[in-house]
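> Each step along the sequence shown adds one to the number in the numbering used here, with nothing skipped, and position 100 is 153. Quick one: the structure is below, questions incoming.
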Amino acid sequence: MNILIVDDSYEKVQIIAGGIKSAGLSSDVITHCSNSSDALKKMSEVKFDILFLDVQLPSALGESIEEDGGVNLLEMVGVHESINKPTHIVAITSHISSYEKHKTFFYEKGWVILCSELSKEIIKKIIVERLTTKNADLVNIDIVIITALEHTELQSVLEHPANWQIMMFPNDPSIYHVGEIILHQGLKKRILAVSAPRMGLVSSSAMTTKIQLKFNPDYIFMVGICAGVEGKTNLGDIIVADPVWDWGSGKSTKVDGVSSHLPSPHQISLDAKLRSKLMRLSMERKYLNEIYDNFILAKRPEHELQLIVGPMASGASVIEDVDIVKKIKSSNRDVIAVEMEAYGVMASVNIAAELPAKVIVIKSVCDFANLHKNNDWQKYAAYTSTAFTFNFIKNDLFV
Numbered sequence: 054m055n056i057l058i059v060d061d062s063y064e065k066v067q068i069i070a071g072g073i074k075s076a077g078l079s080s081d082v083i084t085h086c087s088n089s090s091d092a093l094k095k096m097s098e099v100k101f102d103i104l105f106l107d108v109q110l111p112s113a114l115g116e117s118i119e120e121d122g123g124v125n126l127l128e129m130v131g132v133h134e135s136i137n138k139p140t141h142i143v144a145i146t147s148h149i150s151s152y153e154k155h156k157t158f159f160y161e162k163g164w165v166i167l168c169s170e171l172s173k174e175i176i177k178k179i180i181v182e183r184l185t186t187k188n189a190d191l192v193n194i195d196i197v198i199i200t201a202l203e204h205t206e207l208q209s210v211l212e213h214p215a216n217w218q219i220m221m222f223p224n225d226p227s228i229y230h231v232g233e234i235i236l237h238q239g240l241k242k243r244i245l246a247v248s249a250p251r252m253g254l255v256s257s258s259a260m261t262t263k264i265q266l267k268f269n270p271d272y273i274f275m276v277g278i279c280a281g282v283e284g285k286t287n288l289g290d291i292i293v294a295d296p297v298w299d300w301g302s303g304k305s306t307k308v309d310g311v312s313s314h315l316p317s318p319h320q321i322s323l324d325a326k327l328r329s330k331l332m333r334l335s336m337e338r339k340y341l342n343e344i345y346d347n348f349i350l351a352k353r354p355e356h357e358l359q360l361i362v363g364p365m366a367s368g369a370s371v372i373e374d375v376d377i378v379k380k381i382k383s384s385n386r387d388v389i390a391v392e393m394e395a396y397g398v399m400a401s402v403n404i405a406a407e408l409p410a411k412v413i414v415i416k417s418v419c420d421f422a423n424l425h426k427n428n429d430w431q432k433y434a435a436y437t438s439t440a441f442t443f444n445f446i447k448n449d450l451f452v
């Protein structure tokens with residue numbers, strides 16, 4: 054949501070901005086201009102969802118106020134194709150004469166004009182109504198991609214072209230990125246990407262539950278980075294989680310006077326049909342060489358890229374201790390990856406809906422959960438994870 058306020062009265066700008074924020078939107082979505090010239094420049098750069106416009110407005114900074122300044126601005130917007138036309142327009146004036154003169158102009162175009170009734174409550178109501186209209190069709194999201202990190206993982210997702218647009222909802226702090234992808238058959242699918250507010254099982258579970266209830270998608274992917282088990286994986290390897298569990302679940306006790314953890318894992322498996330598809334892609338090495346060759350952002354490992362379907366353990370903390378990894382193996386000796394969100398994502402959908410989305414966790418190895426852990430390979434791992442995911446969605450998921 055992008056909102057432009059064009060008004061030379063700071064008092065009115067305060068009221069409008071207050072109403073916008075009371076509707077649950079951040080001040081980051083607001084742009085303010087005090088004159089027509091600056092507003093035209095902004096609208097040539099950005100597509101605004103709502104324009105709040107003073108009817109009486111100066112043409113440029115330092116110029117006198119023109120009685121028809123706002124109307125003249127809208128006429129220029131309508132003439133010049135290079136200027137992005139706002140989706141909704143709300144005119145504002147404190148002058149009865151301007152209201153009477155121009156109300157027909159605005160009403161005939163389906164726009165709102167406010168006079169003496171300007172208040173935070175009125176602005177909030179307008180924002181909520183526009184958000185509801187704008188986002189009414191979002192219940193038809195087909196695919197959701199969730200990440201734990203915004204700057205590394207979500208950024209990698211948004212680098213894939215999908216005509217991404219930011220969507221926000223009243224009383225919901227999350228920022229959603231909604232786009233459209235075209236499958237190899239030519240079919241179009243709606244896709245949504247979002248980052249959890251922080252790392253960990255709790256945040257990922259809460260986000261997934263909200264996603265399931267709000268959008269009811271067919272598929273939920275979690276992509277990003279993980280730690281691999283050294284000797285079984287290499288840096289950048291793409292891990293498809295099957296099964297996942299919370300490695301911290303169990304009982305902490307003492308055995309013969311020694312502190313001990315007795316694991317009691319609840320393991321969740323990948324959908325059998327999806328597993329078969331992904332195992333076939335792993336054996337065929339489909340997409341892997343292309344993904345490796347196309348990475349040009351930073352350094353990459355010298356070994357070839359692998360796709361591995363295998364056990365992934367989730368926990369509440371970042372691990373830099375190989376002894377803890379050894380303990381995790383007591384729950385599943387075949388474990389190949391460790392991270393902090395996968396179990397929360399896969400467990401929550403079954404609680405949130407009777408007919409839940411199918412969940413696929415695809416993360417790539419950026420370290421080996423030891424003292425040598427660093428951030429050097431995070432960008433490469435995020436890239437391989439998202440690159441494979443988009444190839445899989447476009448070419449294999451709906452086949």
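Ideal Cβ positions, reconstructed from N, Cα and C, are used throughout, including at glycine.
1. Measuring CB to CB, does A410 end up less than 9 angstroms from E392?
2. Are L288 and G303 close, meaning C-beta to C-beta below 9 angstroms?
3. What number of angstroms, rounded off, separates the C-alpha of A144 from the C-alpha of S79?
4. Taking Cβ positions, are Y63 and S209 nearer each other than 9 angstroms?
5. Could you pull the start and end residues of the alpha helix (DSSP H) that H155 belongs to?
6. When DSSP labels each residue in this structure, what does F20 get in the three-state scheme?
7. Could you spell out the range, first to last residue, of the beta strand (DSSP E) harbouring G115?
8. Give the straight-line distance between the Cα atoms of K241 and F421, rounded to the nearest whole angstrom.
9. Looking at C-alpha atoms only, which residue of C279, H85, S112, I321 is the closest neighbour of P296?
10. Whose C-alpha, out of L202, I103, I196, I264, is nearest the C-alpha of I235?
11. Mind checking whether C279 and S383 have CB atoms under 9 angstroms apart?
12. Could you tell me the alpha carbon to alpha carbon distance between L216 and S313, rounded to whole angstroms?
13. From the DSSP secondary-structure annotation, give me the bridge partner or partners of M221.
14. Can you give me the start and stop residues for the alpha helix (DSSP H) that G277 sits inside?
15. For the putative contact between I136 and F105, defined by C-beta atoms under 8 angstroms, what is the C-beta separation to the nearest angstrom?
16. Ignoring anything shorter than 3 residues, give me the beta strand (DSSP E) runs that lie fully in the region 68 to 105, in order along the chain.
17. Taking 8 angstroms as the cut-off, does the region 91 to 100 touch the region 122 to 140 (at least 3 CB pairs, one atom from each stretch)?
18. Short check: CB of G253 to CB of L202, under 9 angstroms?
19. Looking at I175 and I56, is the spacing between their C-beta atoms short of 9 angstroms?
20. So which of H356, D102, I228, N423 has the shortest CA-CA distance to L207?
21. Leaving out the 5 sequence neighbours to the left and right, which residues in its chain are closer than 6 angstroms to Y272 when beta-carbon positions are compared?
22. Residues bridged to M365 by DSSP?
23. Give, in chain order, every unbroken run of the beta strand (DSSP E) that is at least 3 residues long and sits entirely within the region 321 to 378.
24. So which of S401, K447, G284, F101 has the shortest CA-CA distance to S258?
25. According to the Cβ coordinates, are V293 and G363 closer than 9 angstroms?
26. Using only alpha-carbon positions, find the residue among D374, Q109, E134, R243 that is nearest to E98.
27. Given a cut-off of 9 angstroms, decide if P250 and P226 are closer than it, judged by their beta-carbon atoms.
28. Closer than 7 angstroms by C-beta to S256: which residues in its own chain qualify, once you throw out the five before and the five after it? Chain order, please.
29. Can you check whether the CB of I361 is closer than 9 angstroms to the CB of D290?
30. Report the rounded CA-to-CA distance for M275 versus I349, giving the unit in angstroms.
31. Between the C-alpha atoms of V311 and D374, what's the straight-line distance to the nearest angstrom?
32. Going straight from the alpha carbon of V231 to that of Q238, what length do you get?
33. Between which two residues does the beta strand (DSSP E) carrying I244 extend?
34. Could you tell me the alpha carbon to alpha carbon distance between K307 and I389, rounded to whole angstroms?
35. Report the partner residues of D121 according to the DSSP bridge assignment.
The relevant details are as follows:
1. Within the sequence shown, the letter at position 357 stands for residue 410. Within the sequence shown, the letter at position 339 stands for residue 392. Not in contact: A410 and E392 (Cβ atoms no closer than 9 angstroms).
2. On the sequence shown, position 235 is the one that residue 288 refers to. On the sequence shown, position 250 is the one that residue 303 refers to. Taking 9 angstroms as the Cβ cut-off, L288 and G303 do not qualify as a contacting pair.
3. For this step, residue 144 is matched to residue 91 along the sequence shown. For this step, residue 79 is matched to residue 26 along the sequence shown. Rounded to the nearest angstrom, the two C-alpha atoms are 22 angstroms apart.
4. Taking the first residue of the sequence shown as position 1, residue 63 is located at position 10. Taking the first residue of the sequence shown as position 1, residue 209 is located at position 156. No, Cβ-Cβ distance for Y63 and S209 is not below 9 angstroms.
5. By 1-based counting over the sequence shown, the position of residue 155 is 102. Where H155 is concerned, the enclosing alpha helix (DSSP H) stretches over 149 to 161.
6. Missing from the structure shown is residue 20; the chain here goes from 54 to 452 and no further.
7. Numbered from 1 along the sequence shown, position 62 holds the residue referred to as residue 115. Per DSSP, G115 belongs to no beta strand (DSSP E) and is neither H nor E.
8. Counting from one through the sequence shown, the residue named residue 241 turns up at place 188. Counting from one through the sequence shown, the residue named residue 421 turns up at place 368. Taking the straight line joining both Cα atoms gives about 38 angstroms.
9. The residue given as residue 296 occupies position 243 in the sequence shown. Checked all of C279, H85, S112, I321; the closest Cα to P296 is I321.
10. Numbered from 1 along the sequence shown, position 182 holds the residue referred to as residue 235. Comparing Cα positions, the closest option is I196.
11. Looking up residue 279 in the sequence shown gives position 226. Looking up residue 383 in the sequence shown gives position 330. No, these two residues do not count as a Cβ contact at 9 angstroms.
12. Within the sequence shown, residue 216 is the residue found at index 163, counting from 1. Within the sequence shown, residue 313 is the residue found at index 260, counting from 1. First, the residue type needs correcting, since residue 216 is Asn and not Leu in the sequence shown. Going by the C-alpha atoms only, they are around 52 angstroms apart.
13. Translated into positions along the sequence shown, residue 221 becomes position 168. Beta bridge pairing from DSSP links M221 with no other residue.
14. Taking the first residue of the sequence shown as 1, we reach residue 277 at position 224. Unbroken run through G277 is the beta strand (DSSP E), 272 to 281; no alpha helix (DSSP H).
15. The residue given as residue 136 occupies position 83 in the sequence shown. The residue given as residue 105 occupies position 52 in the sequence shown. Not confirmed; about 17 angstroms, so no contact.
16. 83 to 86
17. yes
18. Residue mapping note: residue 253 aligns to position 200 of the sequence shown, counting from 1. Residue mapping note: residue 202 aligns to position 149 of the sequence shown, counting from 1. Going by C-beta atoms, G253 is not nearer than 9 angstroms to L202.
19. If you number the sequence shown from 1, residue 56 lands on position 3. If you number the sequence shown from 1, residue 175 lands on position 122. Judged by their CB atoms, I56 and I175 are not nearer to each other than the 9 angstroms cut-off.
20. Working through the sequence shown from its first residue, we reach residue 207 at position 154. Ranking the options by Cα distance to L207, first place goes to I228.
21. Taking the first residue of the sequence shown as position 1, residue 272 is located at position 219. Spatial neighbours of Y272 in its own chain (CB-CB distance under 6 angstroms, excluding positions within 5 residues in sequence) are listed in chain order as I196, A410, K411.
22. Taking the sequence shown and counting its residues from 1, one reaches residue 365 at position 312. According to DSSP, M365 bridges with V297, A390.
23. 360 to 367, all fully within the region 321 to 378.
24. Here the question's residue 258 lines up with position 205 in the sequence shown. The shortest C-alpha separation from S258 is found at S401.
25. Against the sequence shown, residue 293 aligns to sequence position 240. Against the sequence shown, residue 363 aligns to sequence position 310. A contact, by the Cβ cut-off of 9 angstroms.
26. Looking up residue 98 in the sequence shown gives position 45. The candidate whose alpha carbon is nearest that of E98 is E134.
27. Locating residue 226 in the sequence shown gives position 173, counting from the first residue. Locating residue 250 in the sequence shown gives position 197, counting from the first residue. Taking 9 angstroms as the Cβ cut-off, P226 and P250 qualify as a contacting pair.
28. Here the question's residue 256 lines up with position 203 in the sequence shown. A249, P250.
29. On the sequence shown, position 237 is the one that residue 290 refers to. On the sequence shown, position 308 is the one that residue 361 refers to. Contact flag set, yes.
30. On the sequence shown, position 222 is the one that residue 275 refers to. On the sequence shown, position 296 is the one that residue 349 refers to. Rounded to the nearest whole angstrom, the C-alpha separation of M275 and I349 is 24 angstroms.
31. Position 258 of the sequence shown, counted from the start, is the residue given in the question as residue 311. Position 321 of the sequence shown, counted from the start, is the residue given in the question as residue 374. Their Cα atoms are separated by approximately 19 angstroms.
32. To locate residue 231, count along the sequence shown from 1; it is residue 178. To locate residue 238, count along the sequence shown from 1; it is residue 185. Taking the straight line joining both Cα atoms gives about 21 angstroms.
33. The residue you call residue 244 lines up with position 191 of the sequence shown. Where I244 is concerned, the enclosing beta strand (DSSP E) stretches over 241 to 248.
34. Residue mapping note: residue 307 aligns to position 254 of the sequence shown, counting from 1. Residue mapping note: residue 389 aligns to position 336 of the sequence shown, counting from 1. Going by the C-alpha atoms only, they are around 28 angstroms apart.
35. Here residue 121 corresponds to residue number 68 of the sequence shown, with the count starting at 1. DSSP lists no partner for D121.
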